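Novice: Could you have a look at this structure, given as C-alpha coordinates, before my questions?
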(Lines of atoms letter the chains of each structure in order from A and count residues from 1; the text may use other names and numbers.)
(Lines give C-alpha, C1' and ligand atoms only; values in the text may rest on other atoms or scores of the structure.)
Protein backbone atom coordinates (compact mmCIF):
# COMPACT_ATOMS: atom_id res chain seq x y z
CA UNK A 1 0.00 0.00 0.00
CA UNK A 2 1.13 3.52 -0.68
CA UNK A 3 3.25 2.48 -3.67
CA UNK A 4 2.92 4.31 -6.96
CA UNK A 5 3.17 2.44 -10.21
CA UNK A 6 3.99 4.06 -13.52
CA UNK A 7 1.77 2.97 -16.40
CA UNK A 8 3.63 1.24 -19.22
CA UNK A 9 1.34 2.74 -21.86
CA UNK A 10 2.50 5.36 -24.38
CA UNK A 11 2.16 8.77 -22.77
CA UNK A 12 2.46 12.27 -24.19
CA UNK A 13 4.63 14.52 -22.04
CA UNK A 14 3.20 18.05 -22.02
CA UNK A 15 3.74 21.14 -19.91
CA UNK A 16 0.56 20.15 -18.03
CA UNK A 17 1.71 16.62 -17.23
CA UNK A 18 1.58 13.17 -18.80
CA UNK A 19 -1.49 12.03 -20.75
CA UNK A 20 -2.39 8.73 -22.47
CA UNK A 21 -2.11 9.02 -26.25
CA UNK A 22 -5.72 7.85 -26.57
CA UNK A 23 -6.98 11.17 -25.18
CA UNK A 24 -4.58 13.38 -27.17
CA UNK A 25 -5.12 14.84 -30.61
CA UNK A 26 -3.32 17.10 -33.04
CA UNK A 27 -5.00 20.34 -33.99
CA UNK A 28 -5.83 20.69 -37.67
CA UNK A 29 -2.83 21.98 -39.57
CA UNK A 30 -0.43 21.24 -36.70
CA UNK A 31 2.73 19.52 -37.83
CA UNK A 32 5.34 17.43 -36.09
CA UNK A 33 8.51 19.52 -35.87
CA UNK A 34 10.96 16.84 -34.81
CA UNK A 35 13.24 15.35 -37.45
CA UNK A 36 14.12 11.67 -37.45
CA UNK A 37 17.74 11.07 -36.52
CA UNK A 38 20.22 8.24 -36.97
CA UNK A 39 18.78 4.74 -36.89
CA UNK A 40 15.16 5.95 -37.00
CA UNK A 41 15.86 7.75 -40.29
CA UNK A 42 17.70 4.72 -41.70
CA UNK A 43 14.79 2.43 -40.77
CA UNK A 44 12.27 4.82 -42.33
CA UNK A 45 14.22 5.08 -45.58
CA UNK A 46 14.60 1.29 -45.74
CA UNK A 47 10.84 0.87 -45.24
CA UNK A 48 9.84 3.64 -47.67
CA UNK A 49 12.13 2.49 -50.48
CA UNK A 50 11.12 -1.17 -50.52
CA UNK A 51 10.98 -2.58 -54.06
CA UNK A 52 7.56 -2.99 -55.67
CA UNK A 53 7.68 -6.80 -55.60
CA UNK A 54 8.37 -6.69 -51.85
CA UNK A 55 5.41 -4.36 -51.19
CA UNK A 56 3.22 -6.62 -53.36
CA UNK A 57 4.31 -9.66 -51.33
CA UNK A 58 3.57 -7.81 -48.07
CA UNK A 59 0.09 -6.88 -49.28
CA UNK A 60 -0.65 -10.44 -50.42
CA UNK A 61 0.64 -11.83 -47.11
CA UNK A 62 -1.63 -9.41 -45.21
CA UNK A 63 -4.65 -10.38 -47.30
CA UNK A 64 -3.95 -14.07 -46.74
CA UNK A 65 -3.40 -13.55 -43.01
CA UNK A 66 -6.55 -11.46 -42.46
CA UNK A 67 -8.77 -13.58 -44.77
CA UNK A 68 -11.16 -10.72 -45.54
CA UNK A 69 -12.63 -12.82 -48.36
CA UNK A 70 -13.94 -15.29 -45.73
CA UNK A 71 -15.10 -12.73 -43.13
CA UNK A 72 -18.86 -13.11 -42.50
CA UNK A 73 -19.12 -9.61 -41.03
CA UNK A 74 -17.83 -8.03 -44.22
CA UNK A 75 -20.16 -10.22 -46.30
CA UNK A 76 -23.12 -9.28 -44.08
CA UNK A 77 -22.60 -5.63 -45.08
CA UNK A 78 -22.69 -6.56 -48.75
CA UNK A 79 -18.97 -6.08 -49.31
CA UNK A 80 -16.65 -8.48 -51.04
CA UNK A 81 -12.85 -8.39 -50.79
CA UNK A 82 -10.89 -10.20 -53.46
CA UNK A 83 -7.78 -12.22 -52.72
CA UNK A 84 -5.81 -10.93 -55.68
CA UNK A 85 -4.45 -7.62 -56.90
CA UNK A 86 -6.76 -5.63 -59.14
CA UNK A 87 -4.13 -5.24 -61.86
CA UNK A 88 -2.02 -8.26 -62.59
CA UNK A 89 0.97 -8.59 -64.84
CA UNK A 90 4.34 -6.94 -64.86
CA UNK A 91 5.03 -4.47 -62.04
CA UNK A 92 8.49 -3.46 -63.24
CA UNK A 93 7.23 -0.57 -65.41
CA UNK A 94 6.34 2.91 -64.25
CA UNK A 95 2.65 3.67 -63.94
CA UNK A 96 1.29 5.58 -66.89
CA UNK A 97 -1.98 6.48 -68.51
CA UNK A 98 -1.19 4.06 -71.33
CA UNK A 99 -1.79 1.12 -68.98
CA UNK A 100 -5.58 1.63 -68.91
CA UNK A 101 -6.24 4.75 -70.99
CA UNK A 102 -10.01 4.42 -70.70
CA UNK A 103 -9.77 5.06 -66.94
CA UNK A 104 -7.76 8.26 -67.36
CA UNK A 105 -9.57 9.80 -70.33
CA UNK A 106 -12.64 11.72 -69.06
CA UNK A 107 -14.44 11.13 -72.36
CA UNK A 108 -14.15 7.34 -72.33
CA UNK A 109 -13.95 6.31 -68.68
CA UNK A 110 -16.99 4.51 -67.29
CA UNK A 111 -19.60 6.71 -65.63
CA UNK A 112 -19.77 6.58 -61.87
CA UNK A 113 -23.04 5.58 -60.22
CA UNK A 114 -25.06 8.64 -59.17
CA UNK A 115 -24.31 8.18 -55.47
CA UNK A 116 -20.56 8.24 -56.11
CA UNK A 117 -20.50 11.34 -58.31
CA UNK A 118 -18.79 14.28 -56.58
CA UNK A 119 -21.00 17.19 -55.64
CA UNK A 120 -20.87 20.02 -58.15
CA UNK A 121 -19.51 23.28 -56.80
CA UNK A 122 -21.67 26.32 -57.48
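Numbering (my numbering), first residue to last: 1 to 122. Cβ atoms here follow ideal geometry from the backbone N, Cα and C, with glycine treated the same way. Just so we're clear, the structure is a prediction, and the values are computed from it rather than from any experiment.
#1: Bridge partners of residue 79, per DSSP?
#2: Under 9 Å, do residue 19 and residue 12 count as touching if we go by C-beta distance?
#3: Are the CB atoms of residue 58 and residue 50 within a distance shorter than 9 Å?
#4: Return helix, strand or coil for residue 29, following the three-state DSSP convention.
#5: Please tell me whether residue 81 and residue 63 are closer than 9 Å, where the distance is taken between their beta carbons.
Specialist: Quick answer:
#1: Here residue 79 refers to the residue found at position 79 when the chain shown is read from its first residue. Its beta-bridge partners do not exist; DSSP assigns none.
#2: Residue mapping note: residue 19 aligns to position 19 of the chain shown, counting from 1. Residue mapping note: residue 12 aligns to position 12 of the chain shown, counting from 1. Yes. Within cutoff.
#3: On the chain shown, position 50 is the one that residue 50 refers to. On the chain shown, position 58 is the one that residue 58 refers to. Result yes, Cβ atoms of residue 50 and residue 58 sit closer than 9 Å.
#4: Within the chain shown, numbered from 1, the residue matching residue 29 stands at position 29. If DSSP states are grouped into helix, strand and coil, residue 29 belongs with coil.
#5: What you label residue 81 is simply residue 81 of the chain shown in a count that begins at 1. What you label residue 63 is simply residue 63 of the chain shown in a count that begins at 1. Going by C-beta atoms, residue 81 is nearer than 9 Å to residue 63.
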